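Chemist: Before I ask anything, here is the structure I am working with.
Chains as they are written, first to last, in the numbering used here: chain A, 72 to 379; chain B, 835 to 1167.
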């Protein structure tokens, strides 16, 4: 059979003429297909393998261009140096704090808004959806945003500049809205008859039954907040407030920008090992959790895309 | 749950109009549509309280900055009024239109955007089709898991990896020297910037980009394939005449979205990758705007450039959407 069906029914198999076989061309294609996909996997993983190898290598071997898949001149000193840097830990803690606070704010705003927008009885629903969707295609631009956040709201050097202006992602909002729209209305109607108010329905019926989508959205927001760096780079001046991404960015910028300080070539070599260690420590939580949370992300994208 | 018979509405944009098959619930809607605002507020006031904070968020953080674009037409002095001091008309627009450097970054943006679109848009489709041909579910799962991984990396990490791999002792140069070439300082040569940028985009986005296509592929009716096989179609013909048309709505919606974000070409990544030595190819409108606007504090000038860029983006997405609706009947709204 050429097309795989989950449950091959007998009738189909019987009517299938025995002459239908894979052509040689198609068999060749299948082999080539697997080979190409293996190459894709290798290319995708290589930078990470290289990163790990460099993190555990000595600077001399890295600078000589001899480190690729395996570490050369095994070295743990750099880990001690980076882990001994109190700024690294402060910034790491900041990332955790910003991620938690940002995700809570994002979820509170997105869930309530999405729920309200999913209710057909909401008068002006199209208008409210419209004001959200329009911002996907047109936005105020970098400088008006900067003036607003830094000057008008006075959020410079405050955590709020990082977590509030990006609180609602319209994409996530629409995914959630379409989820709530498919929520069985009978449940809510029954709850209303039992005397629950909108608040009661939302907190006691809808939210407990939406755990899967809530988990997915939480992960979406958490990962994007964990990875974000530009707002922090823009609005924060104090090193102690940086998230770890900005710590890393500054390290890379100092090491690789030609002409920064003297002995730039040396800086690159020294940097390569420290950079690798810092990068590795930064991505570690994501890599560790990734295999377990990946399917939630996929289902989140599907939720938004397949309506039935 | 709702699946199987689902039509792929693609990305949930323009959620206003519900798909036709949900029209079963229409009667109450008609009733609600006629209510006055006062009645609606009295009956559903609790629901409206849910709207207060989010709407406030959109007004303050999205629409206020849009209004703030007004300083593109007014002279802005730091410390003075946030909406500028006096009208200057199109002064700042003329300023960048007459600026040679602006046109360099403009064309850099267009070229980089087109390259990214031409390469990063079709590849996920190809990869999705390849994954779809796999028989072993296990292997498919593994390939998917691996190829999605780069999507979850911070741009700072991606930029760091790119800089390391293209550095003089990096992997690319190890390969070059292994074949007898001379090591190249890639990130100091303007000629290489576009290749490196687009390659890193491919690495980061192609795997994740397959998800929507794979979802669309599952909705194609198996009977179509059965029928075509009886008619003697081979695999290639099936792909061409059934599979590709089946995922066309998804393709169009993603194409429109890509076109819409085309002028914004990965601002954060370019900012992290570029250095003054490669500005001649590696500087784009958004990074130029960041340097003149934020670093040199020319707020009005920067805003004028930003407004110009945003308007091009809006026009592009509207045009693409219109064209797509006319030509293939798929659109965002």
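No residue lacks a Cβ here, since even glycine has one placed at the ideal position from N, Cα and C.
Here the structure is a predicted model, which means the values were calculated and not measured.
Using 8 Å as the limit for Cβ to Cβ distance, is residue 1255 of chain B near chain A?
Modeler: Residue 1255 of chain B lies beyond the residue range present for chain B, which begins at 835 and ends at 1167; the question has no answer from this structure.
Chemist: Report the three-state DSSP secondary structure of residue 1167 of chain B (helix, strand or coil).
Modeler: Note: residue 1167 of chain B maps to coil in three-state DSSP.
Chemist: Going by beta carbon distance, what residues of the same chain come within less than 7 Å of residue 252 of chain A, once the five residues before and after it are set aside?
Modeler: So the list reads 189, once near-sequence residues are dropped.
Chemist: Write down the C-beta distance between residue 296 of chain A and residue 228 of chain A rounded to the nearest angstrom, noting that I regard them as a contact closer than 8 Å.
Modeler: Contact doesn't hold; Cβ gap of about 18 Å is too wide.
Chemist: Using a Cβ-Cβ cutoff of less than 7 Å, which residues in the same chain neighbour residue 273 of chain A once the five nearest sequence positions on both sides are dropped?
Modeler: Taken in chain order, the residues that qualify are 186.
Chemist: Quickly, what does DSSP pair residue 921 of chain B with across the bridge? List them, please.
Modeler: BP columns for residue 921 of chain B point to B/908.
Chemist: Run through DSSP, which three-state label would residue 914 of chain B get?
Modeler: DSSP places residue 914 of chain B in coil when its eight states are reduced to three.
Chemist: Indicate whether the contact test is met: 3 or more Cβ pairs, each with one atom in the region 156 to 174 of chain A and one in the region 310 to 319 of chain A, closer than 8 Å.
Modeler: Counting Cβ pairs under 8 Å, three or more are found: they touch.
Chemist: Excluding five sequence neighbours on each side, which residues of the same chain lie with their C-beta closer than 7 Å to the C-beta of residue 305 of chain A?
Modeler: 217, listed in sequence order.
Chemist: What would DSSP say about residue 222 of chain A, mapped onto helix, strand or coil?
Modeler: Three-state DSSP puts residue 222 of chain A in a helix.
Chemist: Of all the CB atoms in chain B, is at least one closer than 8 Å to the CB of residue 365 of chain A?
Modeler: Judged by the 8 Å Cβ criterion, residue 365 of chain A is in contact with chain B.
Chemist: What three-state label does DSSP hand residue 345 of chain A in the structure shown?
Modeler: Helix.
Chemist: Nearest chain B C-beta to residue 298 of chain A closer than 8 Å, yes or no?
Modeler: Output row for residue 298 of chain A: interface = yes.
Chemist: Run through chain B and tell me which residues come within less than 8 Å of residue 294 of chain A, C-beta to C-beta.
Modeler: Result: 986.
Chemist: Relative to chain E, which residues along the region 188 to 212 of chain A have a C-beta separation below 9 Å, given in chain order?
Modeler: Any reference to chain E falls outside this structure, whose protein chains are A and B.
Chemist: Jot down the residue ranges of each uninterrupted alpha helix (DSSP H) in the region 188 to 263 of chain A, minimum 4 residues, whole runs only, in chain order.
Modeler: If we require 4 residues or more, the alpha helix (DSSP H) runs fully inside the region 188 to 263 of chain A come out as 196 to 208, 213 to 217, 231 to 234, 241 to 252.
Chemist: Run through the region 930 to 979 of chain B for me and flag every whole beta strand (DSSP E) of 3 or more residues, listed as ranges in chain order.
Modeler: Entirely contained in the region 930 to 979 of chain B, not one beta strand (DSSP E) run reaches 3 residues.
Chemist: If the criterion is Cβ atoms closer than 8 Å, does the pair residue 1106 of chain B and residue 1019 of chain B meet it?
Modeler: No, these two residues do not count as a Cβ contact at 8 Å.
Chemist: Please confirm whether residue 139 of chain A has its beta-carbon closer than 8 Å to some beta-carbon of chain B.
Modeler: It does: the Cβ of residue 139 of chain A has a partner Cβ on chain B nearer than 8 Å.
Chemist: So residue 1030 of chain B and residue 1000 of chain B are supposed to be a Cβ contact under 8 Å. How far apart are they, rounded?
Modeler: Indeed they touch by this definition, with Cβ atoms about 6 Å apart.
Chemist: Just the Cα atoms here: how many angstroms apart are residue 1167 of chain B and residue 876 of chain B?
Modeler: Whole-angstrom Cα-Cα distance: 32 Å.
Chemist: Which of the three DSSP states, helix, strand or coil, is assigned to residue 1231 of chain B?
Modeler: Absent from the model: residue 1231 of chain B. The displayed extent of chain B is 835 to 1167, so no value can be given.
Chemist: Can you pull the chain A residues whose beta carbon is under 7 Å from the beta carbon of residue 880 of chain B, in chain order?
Modeler: The answer, in chain order, is 268, 269, 270.
Chemist: The alpha helix (DSSP H) that contains residue 134 of chain A, what's its start and end?
Modeler: Its alpha helix (DSSP H) spans residues 130 to 134.
Chemist: How many angstroms separate the CA atom of residue 270 of chain A from the CA atom of residue 881 of chain B?
Modeler: Rounded to the nearest angstrom, the two C-alpha atoms are 8 Å apart.
Chemist: From A/222, A/211, A/259, A/350, pick the residue whose C-alpha is nearest to that of residue 150 of chain A; which is it?
Modeler: Answer by Cα proximity: A/350.
Chemist: Give the straight-line distance between the Cα atoms of residue 961 of chain B and residue 978 of chain B, rounded to the nearest whole angstrom.
Modeler: If I take the Cα positions, the gap works out to 10 Å.
Chemist: Cα separation between residue 905 of chain B and residue 896 of chain B?
Modeler: Going from the Cα of residue 905 of chain B to the Cα of residue 896 of chain B covers about 16 Å.
Chemist: For residue 1004 of chain B, name the three-state secondary structure that DSSP assigns.
Modeler: Residue 1004 of chain B: coil per DSSP, three-state reduction.
Chemist: Beta-carbon within less than 8 Å of residue 256 of chain A's beta-carbon, same chain only, minus the 5 sequence neighbours each way: which residues are those?
Modeler: So no residue of the chain qualifies.
Chemist: If you reduce the DSSP assignment to three classes, tell me which class residue 1054 of chain B lands in.
Modeler: Coil at residue 1054 of chain B, not helix or strand.
Chemist: By the DSSP assignment, the alpha helix (DSSP H) with residue 872 of chain B in it spans what residues?
Modeler: Start and end: 871 to 892.
Chemist: Keeping to the same chain, check which residues put their C-beta closer than 6 Å to that of residue 1112 of chain B; ignore five residues upstream and five downstream.
Modeler: Here the set comprises 1024, 1027.
Chemist: Using a Cβ-Cβ cutoff of 9 Å, what residues of the region 225 to 242 of chain A are near chain B? List them in chain order.
Modeler: Answer set for the region 225 to 242 of chain A: 235, 236, 237, 238, 239, 241, 242.
Chemist: Using 10 angstroms around the beta-carbon of residue 1014 of chain B, count the other beta-carbons present and answer buried if the total reaches 16, otherwise exposed.
Modeler: Classification for residue 1014 of chain B: exposed.
Chemist: Please report the Cβ distance between residue 1045 of chain B and residue 1059 of chain B, rounded to the nearest whole angstrom; I am assuming they are in contact, meaning their Cβ atoms lie under 8 Å.
Modeler: In fact, because the Cβ distance is near 22 Å, the residues do not count as touching under 8 Å.
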